[in-house]
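Trainee:
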Amino acid sequence: MISKTIQDALNEQVRIEAESSQVYLAMASWAEIQPGINNITSFFYRHSDEERMHMLKLIHFINDRGGFAVIPALKQPALTFPSIKHAFDSLLKHEIFVSESINKIVDISLSEKDYATHNFLQWYVAEQIEEEALARTLNDKLELIGDDKGGLYLFDKDILTVTVGGA
Ligand code: OFO
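Taking the numbering used here, I'd label the letters of the sequence shown as residues 220 to 386.
Put into structure tokens, the structure is as follows:
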């Protein structure tokens with residue numbers, strides 16, 4: 220059984236994962252109407268699906284542990300971006316924000332001596348390490364590419380092989 224404090228913290232994370240899914244879905248929709256970046260588009264769609272999976276995993280955990288997972292209202296994410304680099308920049312910033320949020324719940328689980336939740340959260344800790352590293356790599360590549368259209372063509376080709384959190 221989870222405490223009210225843990226339940227509230229996990230429900231807040233449900234909201235954040237749901238919002239992440241929306242944020243990346245908006246990036247995907249924007250990317251889809253930009254010419255010639257089909258694989259970047261599908262990367263954002265996959266990332267959005269992955270975040271929904273993270274949300275569902277939390278929902279099941281809360282309910283399985285005797286709590287009640289609350290499906291949150293969501294705010295509208297950014298819909299357009301000045302450039303592809305800007306979109307990837309916001310993706311990295313967003314992932315850093317999510318990591319900080321996960322770390323906060325890890326802290327709470329320890330102070331509540333809720334070792335089951337602490338154990339459950341380790342999956343998210345590992346996932347965030349991967350996702351932040353991936354977002355940094357992609358940003359570094361885009362930095363190198365700058366305004367080179369040929370470079371962007373290759374970036375779009377390469378991103379097809381990138382795995383987002385096992386998806
Ligand atoms: Fe849910 O992993 Fe990214 O944010």
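Note that beta-carbon positions come from the ideal geometry of N, C-alpha and C, so glycine has one too.
#1: Would you decide whether H279 is buried or exposed? Buried here means 16 or more other CB atoms lie within 10 Å of its CB.
#2: Between the Cα of E238 and those of Q295, K368, S328 and F287, spot the shortest distance and give me the residue it belongs to.
#3: Which residue from A292, F307 and L293 puts its Cα closest to that of T299?
#4: Compute the distance between the beta-carbons of K360 and F339, then report whether it is under 8 Å.
#5: Could you pull the start and end residues of the alpha helix (DSSP H) that H247 belongs to?
#6: Leaving out five residues before and five after T260 in sequence, what residues of the same chain have Cβ atoms less than 7 Å from its Cβ?
#7: Check V317 in the structure and name its three-state DSSP category.
#8: How many Å lie between K312 and V383 at the Cα?
Mentor: In brief:
#1: Exposed.
#2: Minimum Cα-Cα distance from E238 among the listed residues Q295, K368, S328 and F287 corresponds to Q295.
#3: The residue with the shortest Cα to Cα distance from T299 is F307.
#4: With contacts defined as CB atoms closer than 8 Å, K360 and F339 fail to qualify as a contacting pair.
#5: Here residue 247 is Ala; the residue named in the question, His, does not match the sequence. Per DSSP, the unbroken alpha helix (DSSP H) holding A247 starts and ends at K223 to E251.
#6: Cβ neighbours of T260 beyond the five flanking positions: A247, A250 and E251.
#7: Assigned with DSSP and collapsed to three states, V317 falls in helix.
#8: In a straight line, the C-alpha of K312 is about 16 Å away from that of V383.
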